[in-house]
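Each remark here refers to the structure printed beneath this line.
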Amino acid sequence: MQHFLATTIVRFMTIRRTLFTLILIVSCFSNAHASLISRDLAHSGDGLLTYDSQSGLEWLDLTQSTGLTLVSIAHETAAGGRYEGFQLANLETVKALFLDAGWTGNYGEATDTANVVAAYSLVTMLGMTANFGSEAEGAQIAIGRVSDVLAGPGTTTSIHVDYDYSRPARATAYYSLAPWTSESGSQAIGAFLYRQAAVVPEPTTVSLLAAGLMLLIWRSRTVGTRA
Numbered sequence: 001m002q003h004f005l006a007t008t009i010v011r012f013m014t015i016r017r018t019l020f021t022l023i024l025i026v027s028c029f030s031n032a033h034a035s036l037i038s039r040d041l042a043h044s045g046d047g048l049l050t051y052d053s054q055s056g057l058e059w060l061d062l063t064q065s066t067g068l069t070l071v072s073i074a075h076e077t078a079a080g081g082r083y084e085g086f087q088l089a090n091l092e093t094v095k096a097l098f099l100d101a102g103w104t105g106n107y108g109e110a111t112d113t114a115n116v117v118a119a120y121s122l123v124t125m126l127g128m129t130a131n132f133g134s135e136a137e138g139a140q141i142a143i144g145r146v147s148d149v150l151a152g153p154g155t156t157t158s159i160h161v162d163y164d165y166s167r168p169a170r171a172t173a174y175y176s177l178a179p180w181t182s183e184s185g186s187q188a189i190g191a192f193l194y195r196q197a198a199v200v201p202e203p204t205t206v207s208l209l210a211a212g213l214m215l216l217i218w219r220s221r222t223v224g225t226r227a
């Protein structure tokens, strides 16, 4: 009788641990699924792409297009060009990226503390194009052009996201209506270029559950054999 009770307790503890592990696996998968993920472009470890798992788009680091005019960027998106396969994003596509990164505020408002995490994520993932000051008093900034023309004929719009090191840290994002023509460029401004990411098979929740159940059955049989 004591042997039976001991065996039952061991089996129960094994099942409980396995179920707990399975829940953690599914939970981690669900949480990671909605994040921005760094990917490589040319070689392992370069981290020049940011994959948005919500939209399925890959974004090129802004630092890879600073100092160039929109005319030259458009030329390089053609077959055989430096940006072959990428296209210049419009304002709404970039706003969707910001939303997927966790941005909850409006644009053009004063800096606040509500979007610090999203701003830091966007600046570090997309690439810092400008900064000033120090970590005590300063900011990291990512600036990229979009295809929309909002300030008049012959001009383009850029989107800024600032992560401010002030205490407490603050953040803001806004559109700039500065008259950047398609034939002007700046070392502090890149372009929001994206492409459809290649389909990479990922484990679904169902497959994770199935794997967990198989593990559960195997562990139960192992315990039973040892008993």
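So for the sequence shown, the UniProt record's numbering puts the first residue at 1; every next one is plus one.
Note that the Cβ used here is the ideal one computed from N, Cα and C, for glycine as well.
This structure is a prediction, so every number in the text was calculated from the model and none was measured.
Check                                                                                                                                         : Outcome
Apart from the five residues on each side of it in sequence, which residues of its chain come closer than 7 Å, Cβ to Cβ, to residue 142?      : 62, 122, 123, 126, 127, 128, 129, 161
Please report how far the alpha carbon of residue 82 lies from the alpha carbon of residue 64, in whole angstroms.                            : 10 Å
By how many angstroms is the C-alpha of residue 58 removed from the C-alpha of residue 198?                                                   : 9 Å
Assuming contact is defined by CB atoms lying nearer than 8 Å, are residue 60 and residue 86 in contact in what I supplied?                   : yes
For residue 147 and residue 71, what's the separation of their Cα atoms in angstroms?                                                         : 12 Å
Please classify residue 100: does DSSP put it in a helix, a strand, or coil?                                                                  : helix
Per the DSSP calculation, residue 131 is bridged to which residue(s)?                                                                         : 140
Give me whichever residues DSSP pairs with residue 193 in a beta bridge.                                                                      : 88
Taking DSSP as the reference, what is the three-state secondary structure of residue 173?                                                     : strand
Output yes or no for whether 8 Å exceeds the beta carbon distance between residue 163 and residue 120.                                        : yes
Going by Cα to Cα distance, which pick from 113, 158, 145, 35 is closest to residue 101?                                                      : 35
Here's the rule: buried if 16 or more other CB atoms are within 10 angstroms of the residue's CB, otherwise exposed. What is residue 52?      : buried
Provide the residue span of the alpha helix (DSSP H) that contains residue 111, from first to last.                                           : Taken as a continuous stretch (DSSP letters only), residue 111 belongs to no alpha helix (DSSP H), as it is neither H nor E.
Select from 169, 196, 158, 187 the residue whose C-alpha is nearest the C-alpha of residue 228.                                               : Missing from the structure shown is residue 228; the chain here goes from 1 to 227 and no further.
Can you give the Cα-Cα distance for residue 90 and residue 175, rounded to whole angstroms?                                                   : 12 Å
From the DSSP output, in three-state form, read off residue 72 for me.                                                                        : helix
Are residue 140 and residue 66 close, meaning C-beta to C-beta below 8 Å?                                                                     : no
Starting from residue 49, follow the beta strand (DSSP E) in both directions and report where the run begins and ends.                        : 49 to 52
Here's the rule I'm using: 16 or more other beta-carbon atoms within 10 Å means buried, otherwise exposed. How should residue 56 be labelled? : exposed
Let me know if residue 104 comes out buried or exposed under the rule of 16 or more other beta-carbons within 10 Å of its beta-carbon.        : exposed
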